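**Q**
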């Protein structure tokens, strides 16, 4: 579905930026920096191989060890193009739609669950948690514990620290930045590298290991990819939500349309509100510009300031009324729907498709929540280290308003207000509080499971055990626990003796996992058996079980019990069949 331009949809930019002169010819200021604000010249220069990357800390590259390979965003030329070619598969649209789509769906659902549970939230915090979880999966930052978002946020706040010993304040900030970087490395990057040196995964860190990168070089790549993929996505999600939550008609069009319609609206918002407003380049060869006074020769080593925000308002490229929000506007030939918001040329953002998919999925789920509304608009500030805006303070709430809570009667009929964060449970859905679960004993949890898990990691299977790895339904991180495989008539199953444990809930949410033994990891797809199919598996599982386990976890029912006795405990023990992933 294509959204047609409508006069009543004409809306203005929310994030104000000064000094915009869309379409203005290239010109140099007193600082000898050439400023580009027309779309055609900006696009040409971003694609021109006679320029190299500027900004994003690349000017400080000479302060790092000479033998250290620079992050990909700092590199240019054939080496940079080859790296982008080899890693393109991690960001390809098809991979996003087939591999990452389900992951983003349940991660977005988890953030909506946080809002439902609390009744209100800062949207930028929800957006950042989502973007950290998604990019973490793509990179391979899956072995650390909780707090990844906090550790990264601390790093990004200190990205403008210049290495050096200029003054005591600079030294203190540099020490704090080094500490935060070290915490990120120790908690997240080093564990991920260690696991992947033993067994490669289908992620970027595994690829970097295969390229021979050192731990320090991998750390640098993780920080640059994370900054580009997490921070900017958070800001765009927040500003897009601001537009949608403050405009009822735009919101109705977004929620009432199909995915193409929603993407069209988001692309127009991004064109109007590019997160990164300026891209810096340095000339590596002689160039010539059309200036107000005629053609001008620009020497090698000239800094270029490409004003993306201004170029995206150039009427010659994006059509009439460029400063107004008009989804479905007619663009000039060769102009993308988002303009230059994702850059262009060799350094065009590789994660553009992931960022748009995250935003569309999350905002669609957010706007579907009961009575979701904005209760405080955000404030915007500028971040020089990214040349971007930073949104904060956009508060959203769900459930009845305070007025509705104070007036529980309507038309004389008693109404029971639904508490903020709760949801109405569909008829027939089991209540979480009634689900059967018996916590494992201290000895099982701290002794037996640890021993079985350690043996499995060393390739030794005790009683046919494996280490089950499933991504946490809230954190997105790998969670592991030892499980016993049940083989029956050529099929394999895993059964939860304790009932609806955390691994059961995670496996239900993820639908996939891994069975690990030593360095081997077997990805699988899980099918939860309905109760009527569980009895033979339960009987096979109970064979050779210890009497104490049978007494405590299975109500004293053993493998020699009658079918009726087994059926009585079947609902308490979820069973999953292990199926090939493809």
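Residue numbers (the numbering used here): 644 to 1225.
Each residue gets a CB set at the ideal place from its N, CA and C atoms; glycine is no exception.
Source: prediction; values computed, not measured.
Could you give the distance in angstroms between the alpha-carbon of residue 870 and the alpha-carbon of residue 831?
**A** In the chain shown, counting from the first residue as 1, residue 870 sits at position 227. In the chain shown, counting from the first residue as 1, residue 831 sits at position 188. Their Cα atoms are separated by approximately 15 Å.
**Q** Looking at the structure shown, is residue 1144 part of a helix, part of a strand, or coil, going by DSSP?
**A** Counting from one through the chain shown, the residue named residue 1144 turns up at place 501. Three-state DSSP puts residue 1144 in coil, outside helix and strand.
**Q** For residue 1147, I'd like the list of residues in its chain whose CB is within less than 7 Å of its CB, leaving aside the five on either flank, ordered along the chain.
**A** Mapped onto the chain shown, residue 1147 falls at position 504. Contacts found: 1139 and 1217.
**Q** Can you give me the Cβ contacts of residue 795 inside the same chain, cut-off strictly under 7 Å, excluding the 5 residues immediately before and after it?
**A** Looking up residue 795 in the chain shown gives position 152. 775, 827, 869 and 873.
**Q** Please classify residue 842 as buried or exposed, where buried requires at least 16 neighbouring CB atoms within 10 angstroms.
**A** Mapped onto the chain shown, residue 842 falls at position 199. Result: exposed.
**Q** Answer with buried or exposed for residue 632, where buried requires no fewer than 16 other C-beta atoms within 10 angstroms of its C-beta.
**A** Residue 632 lies beyond the range of the chain shown here (644 to 1225); nothing can be said about it.
**Q** At 3 residues or longer, what runs of the beta strand (DSSP E) sit wholly inside the stretch 903-987?
**A** With a minimum length of 3 residues, the continuous beta strand (DSSP E) runs that stay inside the stretch 903-987 are 921-926, 930-934, 937-941 and 946-950.
**Q** Near residue 970, what residues of its chain come up, given a Cβ to Cβ distance below 6 Å and the 5 sequence neighbours on each side ignored?
**A** What you label residue 970 is simply residue 327 of the chain shown in a count that begins at 1. Contacts found: 646, 907, 908 and 911.
**Q** Distance, Cα to Cα, residue 975 vs residue 680?
**A** Residue numbering aside, residue 975 sits at position 332 when the chain shown is read from its first letter. Residue numbering aside, residue 680 sits at position 37 when the chain shown is read from its first letter. If you take the alpha carbons of residue 975 and residue 680, they lie about 17 Å apart.
**Q** Can you give the Cα-Cα distance for residue 727 and residue 1131, rounded to whole angstroms?
**A** As a position in the chain shown, residue 727 is number 84, starting the count at 1. As a position in the chain shown, residue 1131 is number 488, starting the count at 1. Whole-angstrom Cα-Cα distance: 47 Å.
**Q** Tell me, please, which residues DSSP counts as bridged to residue 1166.
**A** Within the chain shown, numbered from 1, the residue matching residue 1166 stands at position 523. In the DSSP output, where bridge partners are listed per residue, residue 1166 has 1157.
**Q** What's the gap between the Cα of residue 1219 and the Cα of residue 1168?
**A** Walking along the chain shown from the start, residue 1219 turns up at place 576. Walking along the chain shown from the start, residue 1168 turns up at place 525. Cα to Cα, residue 1219 sits roughly 9 Å from residue 1168.
**Q** Note down the Cα distance separating residue 1070 from residue 820, rounded to an integer number of angstroms.
**A** Counting from 1 along the chain shown, the entry for residue 1070 is found at position 427. Counting from 1 along the chain shown, the entry for residue 820 is found at position 177. Unreliable positioning characterises residue 1070 in this predicted model, as indicated by a pLDDT of 33, which lies under 50. The coordinate reading is nonetheless provided below. One C-alpha to the other measures close to 53 Å.
**Q** On the criterion of 16 or more Cβ atoms from any shown chain inside 10 Å, does residue 753 qualify as buried, or is it exposed?
**A** Residue 753 sits at position 110 when you count from the first residue of the chain shown. Its Cβ being crowded by 16 or more others within 10 Å, residue 753 is buried.
**Q** Which residues mark the beginning and the end of the beta strand (DSSP E) in which residue 1012 is found?
**A** In the chain shown, counting from the first residue as 1, residue 1012 sits at position 369. Per DSSP, residue 1012 belongs to no beta strand (DSSP E) and is neither H nor E.
**Q** Would you report the Cα separation of residue 1211 and residue 1033, rounded to the nearest angstrom?
**A** Residue mapping note: residue 1211 aligns to position 568 of the chain shown, counting from 1. Residue mapping note: residue 1033 aligns to position 390 of the chain shown, counting from 1. Each residue's Cα considered, the two are about 57 Å apart.
**Q** Going by C-alpha distance, which of 771, 952 and 750 is nearest residue 660?
**A** On the chain shown, residue 660 is found 17 positions in, with the first residue counted as 1. The option with the nearest alpha carbon to residue 660 is 952.
**Q** Would a C-beta distance cut-off of 8 Å place residue 731 and residue 993 closer than the cut-off?
**A** Looking up residue 731 in the chain shown gives position 88. Looking up residue 993 in the chain shown gives position 350. For residue 731 and residue 993, yes; Cβs fall inside 8 Å.
**Q** Count the other C-beta atoms from every protein chain shown that fall within 10 angstroms of the C-beta of residue 761, then say buried if there are 16 or more, exposed otherwise.
**A** Position 118 of the chain shown, counted from the first residue, corresponds to residue 761. Flag for residue 761 reads exposed.
**Q** If the criterion is Cβ atoms closer than 8 Å, does the pair residue 772 and residue 920 meet it?
**A** For the purposes of this step, residue 772 is taken as the residue at position 129 of the chain shown. For the purposes of this step, residue 920 is taken as the residue at position 277 of the chain shown. In this structure, residue 920 does not lie closer than 8 Å to residue 772 by Cβ.
**Q** Mark residue 785 as exposed unless 16 or more other C-beta atoms lie within 10 angstroms of its C-beta, in which case mark it buried.
**A** For the purposes of this step, residue 785 is identified with residue 142 of the chain shown, where counting begins at 1. It is buried - the Cβ of residue 785 has at least 16 other Cβ atoms within 10 Å.
**Q** Roughly how many whole angstroms lie between the Cα atoms of residue 686 and residue 986?
**A** Here residue 686 is taken as the residue at index 43 of the chain shown, counted from 1. Here residue 986 is taken as the residue at index 343 of the chain shown, counted from 1. Going by the C-alpha atoms only, they are around 8 Å apart.
**Q** Taking buried to mean at least 16 other C-beta atoms within 10 Å of its own C-beta, is residue 1274 buried or exposed?
**A** The structure shown does not extend to residue 1274, since the chain is modelled only from 644 to 1225, so the question has no answer here.
**Q** Apart from the five residues just before and just after residue 991, which ones in its own chain have a Cβ nearer than 7 Å to its Cβ?
**A** The residue given as residue 991 occupies position 348 in the chain shown. If we look at residue 991 and ignore the five residues flanking it on each side, its Cβ neighbours are 985.
**Q** What distance in whole Å lies between the Cβ atoms of residue 1126 and residue 1184, which are believed to be in contact at a cut-off of 8 Å?
**A** Numbered from its first residue, the chain shown carries residue 1184 at position 541. Numbered from its first residue, the chain shown carries residue 1126 at position 483. Not really, about 11 Å apart at Cβ, beyond 8 Å.
**Q** Please determine, among 722, 863, 1082 and 674, the residue with the shortest C-alpha to C-alpha distance to residue 782.
**A** Here residue 782 refers to the residue found at position 139 when the chain shown is read from its first residue. Of 722, 863, 1082 and 674, the residue nearest in Cα terms is 863.
**Q** Classify residue 1073 as buried or exposed, calling it buried when 16 or more other Cβ atoms lie within 10 Å of its own Cβ.
**A** If you number the chain shown from 1, residue 1073 lands on position 430. Summary for residue 1073: the model assigns pLDDT 36, below 50, so the residue's position carries little reliability; its value from the coordinates is reported in the next sentence. Exposed: under 16 other Cβ atoms inside 10 Å.
**Q** Which residues bound the alpha helix (DSSP H) around residue 850?
**A** Working through the chain shown from its first residue, we reach residue 850 at position 207. Its alpha helix (DSSP H) spans residues 847-853.
**Q** When DSSP labels each residue in this structure, what does residue 678 get in the three-state scheme?
**A** The residue you call residue 678 lines up with position 35 of the chain shown. DSSP places residue 678 in strand when its eight states are reduced to three.
**Q** Is the beta carbon of residue 1111 less than 8 Å from the beta carbon of residue 1158?
**A** The residue given as residue 1111 occupies position 468 in the chain shown. The residue given as residue 1158 occupies position 515 in the chain shown. Yes, the pair counts as a contact, with Cβ atoms nearer than the cut-off.
**Q** Quick one: grab the DSSP three-state call for residue 689.
**A** Translated into positions along the chain shown, residue 689 becomes position 46. It is helical.
**Q** Can you grab the Cα-Cα spacing for the pair residue 1150 / residue 929, in whole Å?
**A** For the purposes of this step, residue 1150 is taken as the residue at position 507 of the chain shown. For the purposes of this step, residue 929 is taken as the residue at position 286 of the chain shown. Cα to Cα, residue 1150 sits roughly 59 Å from residue 929.
**Q** What first and last residue would you give for the beta strand (DSSP E) that runs through residue 1110?
**A** By one-based count along the chain shown, residue 1110 stands at place 467. Per DSSP, residue 1110 belongs to the beta strand (DSSP E) from 1108-1114.
**Q** So what's residue 695 in DSSP terms, helix, strand or just coil?
**A** For the purposes of this step, residue 695 is taken as residue 52 along the chain shown, with counting starting at 1. Residue 695: strand per DSSP, three-state reduction.
**Q** Do you know offhand how far residue 688's Cα is from residue 956's?
**A** Counting from 1 along the chain shown, the entry for residue 688 is found at position 45. Counting from 1 along the chain shown, the entry for residue 956 is found at position 313. Answer to the nearest angstrom: the Cα atoms are 17 Å apart.
**Q** Would you say residue 1119 and residue 780 are within 8 Å of each other, going by their C-beta atoms?
**A** In the chain shown, residue 1119 corresponds to position 476, counting from 1. In the chain shown, residue 780 corresponds to position 137, counting from 1. Their beta carbons are under 8 Å apart, which means residue 1119 touches residue 780 by this criterion.
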